[in-house]
Amino acid sequence: MRSCRRQSNCRTNHRGWPHPTGRRQSLDGRSRRRRKPRNAGSAPDRLRFPCPIFPFFDRFARLGAARGVVLRPSVQEEGASPVTKRIEKQKRRSGRSVDGNSAEIIPLYKAKYATERTPAPIRPLNVNQAEYLAALRSSRQIFVLGPAGTGKTWIAATYAADLYRAGQISKIILTRPNVPCGRSLGFFPGSLEEKFAPWAAPVIEAIKERIGAGAFEIALKRHEIEMVPFEVMRGRSWSDAFVLLDEAQNTTPAEIKMFLTRIGEDCTTVINGDISQCDLDETSGLRVALDLAAKHGLPAPVIEFTLADIVRSGICAMWARAFAEARV
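Residues in the sequence shown are numbered from 786 upward in steps of one, following the working numbering.
The following block contains the structure:
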C-alpha cells in the first residue's frame, strides 16, 4: 500500500519504474538532481533582447565588436538585460553615443586602431623648422629645400596626419617621381599602392606613427590617403586635401608643371627636395618652378635648410658636410 501511494505521487520512466520529480535515477540506484541551465530564468527574461532579429544577438554583438562594428538595436526596452549592459559597455569604450532609434553599423576603427595616446605636438628643433611650421599654418603652397636629415619630409607628413586626425582635411595625397638613385630593381608586384609604397616609405612611416597603422590601412582603403604616381596624375584634381610632393628635385619641367596644375580649392601643397641630390641628366623641374615663382612674385614661401639644421644624427651631419665640401 505504501509503495502504491509512492508510485501514485511520482513520475515513471520509459520502463514504468517510479521516477521522483526533480531527480534522475542512475544505473547504480542513486538519485541525482538535474542541473539547471546557466541561462535559466523566466521566459520574459530569456527572450528580452534589444534587437528582435535573432535570438543570438549577444554572440553577434561580441563578434561585431571584435571586428570593429556594433549593430544598433532597433528596439530599446525598459530594464537592463545582460545583453543591453554589454552593448552599453561597448558604447562607452568606443566613445560613441547610440540612441537606439535605428539599426545601422557604426565603424569603430578610430577607437580601436588609432593610437591610444594623444600624439605630442610638433616641436621645432631649430629656427628654420619653426619657420617651416609657421609657413604651414599660414600659406597654401610651400617650397622646402635642404640636405637630407633636416626634417623636410617628416614635418610635412606629421603635420598632414594631425590635420587629418583633427578632421580639418578630408584627404592626404602623396606623390614623388619614380627615379631610382642607383640600379633599377625591375618591376614590382602587386597593386598600384603596393608598387608605389617603397617610394613613399618615409612619408608612410611618419603618418602611421601619428595616426596608427590600423587607421592608416582603413584610410587607404577609403581613398582618404592616396599615393599617386606621376604616371596616373594627368587629369586629376584635388580639393580639401594636403598634397605632399617629395623628392621634387627629380621631377622634369613637364612633370612639375602637371603637378602644380592639379591643385584645387582648399589645398595645402608642400614641395620639398634637395637640388644637390638630383638624379636627372636634364634640368630639374624644381629649379624651374623656383625660378618662375621668384620671377612672377608668386605667393609661395621658400624654406631653405642648411647643413647646420641636420637633426637626424651626428653621423648623418658629418657625412653630409664631408660630401658638401667635396662637391659630390
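For every residue, glycine included, the Cβ atom is placed at its ideal position computed from N, Cα and C. Quick caveat: nothing in here was measured; it's all calculated off a predicted structure.
Using a Cβ-Cβ cut-off of 8 Å (strictly less than) and excluding sequence neighbours within five positions of residue 1019, which residues of its own chain qualify?
1043
Counting only runs of 3+ residues fully inside the segment 1035–1086, write out the beta strand (DSSP E) ranges in chain order.
1052–1058
Rounding to the nearest angstrom, what Cα-Cα distance links residue 1099 and residue 1033 in this structure?
25 Å
When 1071, 1110 and 938 are compared against residue 1035, the one with the closest alpha-carbon:
1071
Per DSSP, which one or two residues make a beta bridge with residue 735?
In the structure as shown, the chain begins at 786 and stops at 1113. Residue 735 is therefore absent and cannot be evaluated.
Residue range of the beta strand (DSSP E) that includes residue 1010
1010–1012
Residue 1077 versus residue 1085 - alpha carbon distance
11 Å
Less than 8 Å between the CB atoms is what I'm expecting for residue 961 and residue 1000, so what's the real figure, rounded?
Not quite, the Cβ-Cβ distance comes to about 23 Å (not below 8 Å), so this is no contact.
Neighbourhood of residue 933 by C-beta distance below 6 Å, restricted to the same chain and skipping five residues each side
none
Mind checking whether residue 1029 and residue 942 have CB atoms under 8 Å apart?
yes
The beta strand (DSSP E) with residue 929 in it runs from where to where?
926–930
Which word fits residue 952, buried or exposed, when buried means at least 16 other C-beta atoms lie within 10 angstroms of its C-beta?
exposed
Check residue 984 in the structure and name its three-state DSSP category.
coil
For the alpha helix (DSSP H) containing residue 953, name the first residue and the last one.
Where residue 953 is concerned, there is no enclosing alpha helix (DSSP H), given that its DSSP letter is neither H nor E.
Here's the rule I'm using: 16 or more other beta-carbon atoms within 10 Å means buried, otherwise exposed. How should residue 1050 be labelled?
exposed
Could you please give me the residues that DSSP links to residue 1023 through a beta bridge?
1048
Run through DSSP, which three-state label would residue 907 get?
coil
At which residues does the alpha helix (DSSP H) containing residue 1106 begin and terminate?
1099–1111
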